[in-house]
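Asks: In the working numbering, the protein residues as written are 1 to 255.
(1) Buried or exposed: residue 212, going by 16 or more other Cβ atoms within 10 Å of its Cβ?
(2) If you follow the alpha helix (DSSP H) that residue 162 is part of, which residue opens it and which one closes it?
(3) Rounded to the nearest angstrom, what separates residue 144 and residue 204 at their Cα positions?
(4) Quick one, which of 253, 102, 199, 68 has its alpha-carbon nearest residue 160's?
(5) If you scan the segment 13–58 from start to end, which runs of the alpha helix (DSSP H) of 4 or more residues do you find wholly inside it?
(6) Please report the straight-line C-alpha distance between residue 186 and residue 120, rounded to a whole angstrom.
(7) By DSSP's criteria, residue 256 is part of a beta bridge. Which residues make up the other side?
(8) Distance check for residue 190 and residue 166, CA to CA, integer angstroms please.
(9) Go ahead and pull the three-state DSSP assignment for residue 173.
(10) How many angstroms separate the CA atom of residue 174 from the CA atom of residue 181?
(11) Are the Cβ atoms of residue 65 and residue 48 separated by less than 8 Å?
(12) Roughly how far, in whole angstroms, is the beta-carbon of residue 41 from the beta-carbon of residue 67, given that I think they are within contact range, below 8 Å?
(13) Buried or exposed for residue 29, please, with buried defined as at least 16 other CB atoms from any protein chain shown within 10 angstroms of its CB.
(14) Excluding sequence positions up to five away, which residues of its chain have a Cβ less than 6 Å from the Cβ of residue 27?
(15) With 16 as the cutoff for other CB atoms within 10 Å, does residue 83 come out buried or exposed?
(16) Just reading off the alpha helix (DSSP H) that residue 124 is part of, what are its end residues?
(17) To the nearest angstrom, how far is the alpha carbon of residue 36 from that of residue 11?
(18) Of the choices 235, 19, 197, whose alpha-carbon is the least far from that of residue 245?
Written out as structure tokens, the structure is:
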């Protein structure tokens with residue numbers, strides 16, 4: 001008799017499947033661009049690194065990795081670094097997609113800090129109006145900066161955001177196999193475009209670059225995330241008999 005998996009186990013399995021598939025698609029890109037030799041080297045490094053993490057004594061594995069890198073010329077070393085960088089970008093995309101799905105579905109594995117903290121304060125004897133007044137006086141001020149070595153250029157971020165949308169769409173149970181094949185082809189195209197896009201800044205960002213960087217994040221992330229967060233805060237306050245005045249916004253931004 002089999003035991004039904006928990007929602008958490010099902011989510012983890014789906015996440016691992018997405019990461020494996022994206023890694024396979026990246027591998028196909030490497031073969032198309034450079035032939036199978038680069039992918040073979042990437043797989044050897046990955047396998048040895050996995051062994052190094054799992055074995056109690058990794059001295060022999062460390063030596064094999066060192067020998068492999070010693071025999072790698074600068075061009076191939078650069079390609080190896082890029083391959084793993086893109087792979088981890090893709091893995092992060094998959095993790096973010098599944099994290100958002102958990103948040104949107106109200107998964108019991110995802111804690112809502114407002115729903116936990118505010119009722120707990122009320123139960124401890126702090127009045128709802130006092131809580132609202134304290135929140136109204138709070139000021140959270142995230143500051144945006146552009147580091148001279150910042151590597152996540154908007155050109156890369158845009159492509160990764162589109163890959164995230166396609167991964168999410170592919171996971172929709174209403175999609176047919178034909179739909180998924182079509183989405184996979186589009187993801188293949190975007191992974192190849194990411195690979196062909198220079199990811200590093202070669203000049204120090206000037207003030208205009210910093211301004212564009214801040215505007216990008218405000219437009220792509222902050223514009224949706226902050227109103228949603230404030231709506232959730234207001235809903236929890238109202239559930240305990242309080243409200244946050246419309247002119248009280250406990251979050252400001254700086255740069």
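Built from N, CA and C at the ideal position, the CB exists for glycine as well. Keep in mind the model is a prediction, meaning the values are calculated, not measured.
Replies: Considering the structure as presented:
(1) exposed
(2) 154–170 is the extent of the alpha helix (DSSP H) around residue 162.
(3) 17 Å
(4) 199
(5) 36–54
(6) If I take the Cα positions, the gap works out to 47 Å.
(7) Past the edges of the chain, shown from 1 to 255, lies residue 256, and the structure says nothing about it.
(8) 10 Å
(9) coil
(10) 14 Å
(11) yes
(12) At roughly 13 Å, the Cβ-Cβ gap does not stay under 8 Å, so residue 41 and residue 67 are not in contact.
(13) buried
(14) Counting only Cβ-Cβ distances below 6 Å, and skipping sequence neighbours, we find 39.
(15) buried
(16) Note, residue 124: premise wrong, no alpha helix (DSSP H); not H, not E.
(17) Spanning the two alpha carbons is a distance of roughly 32 Å.
(18) Residue 235 is the option with its Cα nearest to residue 245.
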